[in-house]
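Novice: Residue numbers (this note's numbering): 375 to 758. For glycine and all other residues, C-beta sits at the position ideal for the given N, C-alpha and C. Since this is a predicted model, take the numbers as computed values, not measurements.
(1) Are there 16 or more other CB atoms within 10 angstroms of the CB of residue 534, so buried, or fewer, so exposed?
(2) Below 8 Å between beta carbons: does that hold for residue 576 and residue 584?
(3) From which residue to which residue does the alpha helix (DSSP H) around residue 433 run?
(4) Within 10 angstroms of the Cβ of residue 758, are there 16 or more other Cβ atoms? Answer buried if so, exposed if not.
(5) Can the beta-carbon of residue 406 be found closer than 8 Å to that of residue 720?
(6) In three-state DSSP terms, what is residue 634?
(7) Straight-line CA distance for residue 658 to residue 403?
(8) DSSP on residue 573, reduced to helix/strand/coil?
(9) Here's the rule I'm using: 16 or more other beta-carbon atoms within 10 Å means buried, otherwise exposed. How should residue 539 be labelled?
(10) Find the nearest neighbour of residue 482 within the set 521, 643, 689 and 668, judged by alpha-carbon distance.
(11) Return helix, strand or coil for residue 757, following the three-state DSSP convention.
(12) Would you call the CB atoms of residue 416 and residue 471 closer than 8 Å?
(13) If you draw a straight line from the alpha carbon of residue 600 to that of residue 408, how long is it in whole angstroms?
(14) The alpha helix (DSSP H) that contains residue 717, what's its start and end?
(15) With a Cβ-Cβ cutoff of 8 Å, do residue 636 and residue 750 count as a contact?
(16) Where does residue 378 land, buried or exposed, given buried means 16+ other C-beta within 10 angstroms?
(17) How many Å lie between residue 745 and residue 399 at the Cα?
(18) With residue 434 and residue 548 assumed to form a contact (beta carbons below 8 Å), what rounded beta-carbon distance in angstroms separates them?
(19) Determine the closest residue to residue 441 out of 425, 380 and 431, with distance taken between C-alpha atoms.
(20) If you drop the 5 nearest sequence neighbours on each side, which residues of the same chain put their C-beta closer than 8 Å to that of residue 462?
(21) Thinking C-alpha only, which one of 646, 394 and 662 is nearest residue 794?
(22) Find out if the Cβ-Cβ distance for the pair residue 513, residue 387 is shorter than 8 Å.
(23) Would you mind reading off the limits of the alpha helix (DSSP H) that contains residue 534?
(24) Nearest by alpha-carbon distance to residue 628: which of 615, 617, 450 and 679 is it?
(25) If I'm right that residue 510 touches residue 382 with Cβ under 8 Å, what's the distance once you round it to whole angstroms?
(26) In its own chain, which residues sit with a C-beta less than 6 Å from the C-beta of residue 592, not counting the 5 before and 5 after it?
(27) In angstroms, rounded to a whole number, what distance separates the CA positions of residue 752 and residue 516?
(28) Given residue 401, which residues of its chain have a CB within under 6 Å of its CB, disregarding the five upstream and five downstream residues?
(29) CB-CB under 7 Å to residue 376, same chain, minus the five flanking residues each way: which ones, in chain order?
(30) In this structure, does DSSP put residue 608 in helix, strand or coil?
(31) If you drop the 5 nearest sequence neighbours on each side, which residues of the same chain put their C-beta closer than 8 Å to that of residue 519?
(32) Let me confirm a value: residue 391 is counted as buried when at least 16 other C-beta atoms fall within 10 Å, else exposed. Which label applies?
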């Protein structure tokens with residue numbers, strides 16, 4: 375959990391700093407969206423291959439490589455940026471090394487989950503989210519105001535080096551790789567793709583993860599700019615919207631498992647989607663800063679409940695299919711949504727305004743809500 379707090383905080387700082395850094399370089403809205411979205415590109419492309427590499431080389435080796443590469447990119451890449459295209463190049467590099475840090479820790483926790491209590495199901499993502507959505511954004515706004523961009527990036531590089539040391543101890547007990555005895559990478563990736571194609575429950579869970587992350591990505595990239603430009607909020611106040619969303623998200627992950635342990639799985643997802651639909655509607659048609667605060671709160675609560683349901687489903691899949699398969703799949707849907715939400719949202723905001731992305735999310739969440747409501751009615755009818 376300590377490791378995930380540090381990993382999350384390092385990324386959380388950049389959630390606030392990166393869009394503002396791009397804006398300071400005179401980047402256009404679509405470029406700002408690209409900066410936000412490319413952070414997810416590596417997770418989208420490499421989550422399944424990384425899950426396969428874990429079987430061959432083990433979690434520890436991959437985590438060490440990812441942490442060291444991230445520290446070097448921040449210390450010697452981002453600090454030298456002077457144009458939007460250079461920033462986009464650095465962020466692309468970051469996206470390619472994130473899976474080497476995220477997938478191993480996620481895989482080892484899912485492997486551990488069956489031995490934990492239901493209340494602990496959200497602790498891993500809760501710890502990561504505590505850093506990414508609560509500590510990181512507040513710290514990023516503070517450091518940016520005190521130090522500026524380059525010193526902030528150097529501090530983030532130091533945090534990555536700290537996670538390298540701590541992660542080496544935490545993951546030391548993880549099983550070593552099987553080396554040449556492991557299933558060939560291409561064959562394992564084909565199996566994972568077949569799993570998605572053949573199992574409706576896997577597709578449904580990944581779709582909810584994807585749209586939920588689309589909402590989070592668009593919110594993270596554009597809510598500060600929306601608050602400052604449309605409602606005249608200051609930087610600290612606008613960044614506090616991300617902090618509020620993150621605080622409620624983390625709280626839901628830590629305590630929501632116990633509070634909803636007796637809920638049927640379908641009910642948990644339906645309540646989550648209802649909250650997410652309300653959040654998108656508030657931000658799509660906001661009339662005052664109060665609407666932004668309410669939308670941020672509902673996003674945190676709804677996304678937390680949705681993630682709790684997804685974690686438990688992926689843990690069941692891991693018991694059935696193995697650590698490499700489920701570890702890769704569980705890390706792929708969310709970045710697909712993050713990439714889509716940030717990049718497509720950037721194009722929409724460029725043409726139709728900052729609120730347009732939330733208007734599209736209203737339609738997406740309405741479709742998911744209707745699908746889940748029908749699934750819950752079908753489950754209730756089958757039980758009866």
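Specialist: Considering the structure as presented:
(1) buried
(2) no
(3) 433-450
(4) Unreliable placement is indicated for residue 758, whose pLDDT of 41 sits below 50; the coordinate value is still reported in the next sentence. Exposed: under 16 other Cβ atoms inside 10 Å.
(5) yes
(6) coil
(7) 18 Å
(8) coil
(9) exposed
(10) 689
(11) Its pLDDT being 48, under 50, residue 757 is placed unreliably in this model, and the coordinates cannot settle the point.
(12) yes
(13) 17 Å
(14) 707-726
(15) no
(16) buried
(17) 43 Å
(18) 6 Å
(19) 380
(20) 405, 408, 409 and 412
(21) In this structure the chain extends from 375 to 758, so residue 794 is not present and cannot be described.
(22) yes
(23) 523-544
(24) 679
(25) 6 Å
(26) 715, 719 and 731
(27) 50 Å
(28) 458
(29) 540
(30) coil
(31) 609 and 610
(32) buried
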